[in-house]
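Chemist:
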Amino acid sequence: MTVDELSSTFFALADPTRRAILDRLTKGEATVNELAEPFPVTLQAVSKHLKVLERAGLITRDRVAQQRPARLRGRPLAEAADWLARYRQFFEDSFDRLEEHLRTIQNRESDDG
Amino acid sequence: MAETPPSRGGIDREFTITRVLAAPRSLVWKAWTEPEQFARWFGPRGFTTPLSKIAMDVRPGGTCEFVMVSEDGTEYSNGATYLEVVEPERLVWRDRDVDLVVTITLRDLGDRTEMTCHVVGETGGDQALAGWSSSFDKLAESLARA
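Protein chains in written order, with our numbering: chain A, 1 to 113; chain B, 1001 to 1146.
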């Protein structure tokens, strides 16, 4: 998994409705209509959430059937179960960039002075 | 300085990252608290945090909101509320979406700064993390069966 994939997994999981959708999908595949039922959100909102989950590789959707039922995709979720490690990676990544940034602005200051 | 060992699988509730940065403490503080600086580094590689989409009100009870943009243009909205702001040494906030409290501590080492980042999942009296953990436990179980 690349850092970008880890990040999208993390962000896909950082929403209570999306987590609840995944939870529902552990019981088996479901259509948008079925998924929308327990939530106080519109079908459009559920579709949006599904897109985020699909982009993160956490679910797949049937390309043939008209209802396009969604189902869980195992591997990234198993890895994402260790979610705090993802969060840690997020900070480690950011801090690498912080180090670079601090170096850059200090070099610029010493060049100017 | 005590350091929590890196997480080793499972659902850990806290971790600590310590780094010594080659910059004076005042500069590191600005990197966290000034949008112009924050925009230059925050977020994983491949993401940008546009200055135009950062709103910071750095004081206890104030909020920080920003949007991170991935390479494919997907926008991720983030938010937090500051719990403690002690310039230039301590910054504590609670995430808006993830039930986590993050504490940044900056120790003055002259022209260098020791930065400690402590992240803890809040459990006391708050059901959110427990809910999240249990749904992951269920996911993990169902994946094991699959």
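Even for Gly, the Cβ is constructed at its ideal location relative to N, Cα and C.
#1: Check whether the Cβ atoms of A/Arg18 and A/Leu53 sit closer than 8 angstroms, and answer yes or no.
#2: Could you please tell me which residues of the region 1087–1107 of chain B, in chain order, have their CB closer than 9 angstroms to any CB of chain A?
#3: Measure the alpha-carbon distance for B/Val1086 versus B/Ser1077 and round it to whole angstroms.
#4: Taking B/Gly1043 as the reference, which of B/Met1068, B/Lys1053, B/Val1020 has the closest Cα?
#5: Expressed to the nearest angstrom, what Euclidean distance is found between the alpha-carbon atoms of B/Gly1125 and B/Asp1099?
#6: Any idea what DSSP makes of B/Glu1036, helix, strand or coil?
#7: Just tell me which of B/Arg1045, B/Val1028, B/Pro1024, B/Arg1025 has its CA closest to the CA of A/Phe91.
#8: Mapping DSSP to helix, strand and coil, what is A/Thr17?
#9: When you compare the region 53–69 of chain A with the region 29–39 of chain A, are there three or more beta-carbon pairs, one atom per stretch, that lie closer than 8 angstroms?
#10: If contact means a Cβ-Cβ distance below 9 angstroms, which residues of the region 94–107 of chain A contact chain D?
#11: Along the alpha helix (DSSP H) that carries A/Arg55, what are the first and last residues, could you check?
#12: Taking only beta carbons into account, state which residues of the region 1065–1076 of chain B come closer than 9 angstroms to chain A, listed in chain order.
#13: Just by C-beta distance, which residues in the region 44–62 of chain A are closer than 9 angstroms to chain B?
#14: On the CB-based measure, 16 or more other CB atoms within 10 Å of its CB, does B/Gln992 come out buried or exposed?
Modeler: Short version:
#1: yes
#2: Asp1095, Asp1097, Val1098, Leu1100, Val1102
#3: 26 angstroms
#4: B/Met1068
#5: In this predicted model, B/Gly1125 has a pLDDT of only 31, less than 50, meaning its place in the structure is not dependable; the value taken from the coordinates is given anyway. Approximately 12 angstroms, taken between the alpha carbons.
#6: helix
#7: B/Arg1045
#8: helix
#9: yes
#10: Protein chains A and B are contained in the structure displayed, whereas chain D is not.
#11: 43–55
#12: Met1068, Ser1070, Glu1071, Asp1072, Thr1074, Tyr1076
#13: Val52, Arg55
#14: Any question about residue 992 of chain B goes unanswered here, given that chain B covers just 1001 to 1146.
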